[in-house]
Amino acid sequence: MMDRRKFIQAAASATLLTGASGRLSNLFAQQPSRSPNDNIQLALIGAGIQGQADTHFAVQVPGVKLVAVADCYDGRLTHVKELWGQDLFTTRDYREILNRKDVDAVLIATPDHWHKQAAVDSLKAGKDVYLEKPMIHLYSDGPEIIETAKSTHRILQVGSQRVSSIVYAKAKELLASGAIGKLNMVTARWDRNSSTGAWNYSIPLDASPETCDWPRFLGSAPKIPFNAERFFQWRKWKDYGSGVAGDLFVHLFSGTHFITGSHGPTRAMATGGLRYWKDGRDADDVMLALFDYPEGFNLSLHVNFVDGGEESEGFLFTGSEGLMEIDGRTNSVTVTRTPPEKEPGYTVSTFADAMQKAYVEQYHQKYPAQHPDGPPPQTVQTFTAPAGYSDSYDHFHNFFASVRSRQPVVEDATFGFRAAGAALLSNVSIERDSVVHWNPETMKLV
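All you need for our numbering is the position in the sequence shown, starting with 1, plus 4.
Here's what the structure looks like:
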């Protein structure tokens, strides 16, 4: 909910509630295969804004040590040593990290177009992987990542931290208990109103082909001359990022799928455009989309980088008997119940007076008045996370617990592909100017 620069500063000094992860500890009840006193040696691949923010949380999990970092900008390699020690091994080439025997797991926070290759290479090198969202940049990435994780028998967790949130766990519990009746609609948003929120990240004064490994950054992307804006603000271009769908819609899908248990939508339609940030980027700054779910509900999403209010993230789940709202600013979930009337009611005012009288008499015979019994129903219920709570910390705690125990993660590659695949339907719909269809079970465009 903060801009990324402030997020990093806050992450470094936040008081984290390690006990909150215990709410999900039943997932990891078996004894770990390695001593819990042994450090998990972690390497970071991609030390940009998200990578450094993730690392602040990762290294606060007991028994985790950062030992190596790879990034294509020399200034970041200097800064990670300033943050985490001069003994860190640093390199521009992440393959040097994968060759190291002292690295147990890697945190991949590269631009989206590098996610698949970095993850596949890491898994094949015998490393467990925490892969930032969106898991994919292209649809063809998903099956290869899933298959590689299976064939190598390594742990892979995707980095959508809402899946580990105690707030979202409470929302899941409430929905399953019937707190709002039968779900029929979900409305979600993530709006921003700042230049940095719209991906205009600062470019260092020394940015140049000498300090930035431009060819390595490009990877599979089209080969063009060095461009510092594309290097440091890569989310603004489809060659490297996935737009607001891959950056923010995917969080909303992860939350929706976790809470509802759904595997994803079957139909999508989207619209959007560059409404304000016409600075050379080709990724839209406003996007709206609608999705049909086989469970019988619709999902409506929007992201607006030209929002005139505060940055906000949230959900509204609409059911037959009430509403459930998740507010990202207060880190809370609130249920407001409106139980359906037991009587159907009547509309007789347009009938003749005699007919009105006869109808009402018959109605009261069929539905006699009843005195309320017991206490009045609780119409509003709110659960708020404790002050200082961090679902990012919990997500890393759960990942490292799986690394130790070799038990399933809370967000595996299949879940990650279904969330990212659904999110990127929005881009496909806009590109095709049409409704698009998706099979959430086979994870394929139809």
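Just so it is clear, CB atoms sit at the ideal spot from N, CA and C, and this is done for glycine as well.
Close-in-space but distant-in-sequence residues of the same chain around alanine 424 (CB under 6 angstroms, 5 per side omitted): These residues qualify, in order along the chain: Pro138, Met139, Ile140 and Val254.
Closest Cα partner of valine 162 within the set Asp58, Glu233 and Gly284: Among Asp58, Glu233 and Gly284, the Cα nearest to that of valine 162 is on Asp58.
DSSP state of glutamine 374 mapped onto helix, strand, coil: Correct three-state label for glutamine 374: coil.
Rounded separation between threonine 260 and serine 304 - CA only: Distance between the alpha carbons of threonine 260 and serine 304 is about 11 angstroms.
For alanine 202 and tryptophan 118, the rounded distance between their alpha carbons: Distance between the alpha carbons of tryptophan 118 and alanine 202: 21 angstroms.
Best match in Asp437, Leu429 and Ile434 for proximity to valine 450 [C-alpha to C-alpha]: Distance check between valine 450 and each of Asp437, Leu429 and Ile434 places Leu429 closest, using alpha-carbon atoms only.
Neighbourhood of phenylalanine 257 by C-beta, 7 angstroms cutoff - its chain only, sequence neighbours within 5 removed: Excluding sequence neighbours, phenylalanine 257 sits near Ala423, Ala426 and Ala427.
Beta-carbon proximity of glycine 323 to methionine 447, cut-off 9 angstroms: Not closer than 9 angstroms, so no.
Cβ neighbour criterion (16 or more within 10 Å) applied to proline 115: Proline 115 comes out buried.
Bounding residues of the alpha helix (DSSP H) (the contiguous stretch that carries lysine 85): Element bounds for lysine 85: 78–88.
Local Cβ density within 10 Å of aspartate 288, reported as buried at 16 or more and exposed below that: Residue burial annotation: aspartate 288 is buried, with at least 16 other C-beta atoms found within 10 angstroms of its C-beta.
Which of helix, strand or coil DSSP assigns to phenylalanine 262: In the structure shown, phenylalanine 262 sits in a helix (DSSP, three-state: H, G or I).
CB contact below 9 angstroms: phenylalanine 221 versus chain C: Included in the structure is just one protein chain, with no chain C present.
Alanine 153 to phenylalanine 262 span [Cα, whole Å]: If I take the Cα positions, the gap works out to 21 angstroms.
Where the beta strand (DSSP E) through tyrosine 134 begins and ends: For tyrosine 134, the enclosing beta strand (DSSP E) starts and ends at 132–136.
Rounded C-alpha distance that separates arginine 333 from arginine 166: Distance between the alpha carbons of arginine 333 and arginine 166 is about 14 angstroms.
Unbroken beta strand (DSSP E) run spanning aspartate 311, endpoints: Run containing aspartate 311: none; DSSP gives neither H nor E here.
Valine 133 versus Leu142, Ile228, Ile149 and Gly277, residue with shortest Cα-Cα distance: Selected option, being the one with the closest Cα: Ile149.
One or two residues paired with leucine 429 in a DSSP bridge: The partner list for leucine 429 (beta bridge, DSSP) is empty, contrary to what the question assumes.
DSSP three-state assignment for threonine 59, whether helix, strand or coil: It is helical.
Leucine 178 and valine 339 closer than 9 angstroms at C-beta: The answer is yes: Cβ separation under 9 angstroms.
9 angstroms Cβ cutoff met for phenylalanine 319 and alanine 192: Yes, the pair counts as a contact, with Cβ atoms nearer than the cut-off.
Cβ shell of aspartate 217 (< 7 angstroms), same chain only, five flanking positions each side left out: For aspartate 217, where only same-chain residues beyond five positions count, the Cβ hits under 7 angstroms are Cys76 and Arg96.
Given arginine 158 as reference, the closest of Gln411, Arg285, Ile101 and Phe230 once Cα atoms are compared: When each option's Cα is compared against that of arginine 158, the closest is Gln411.
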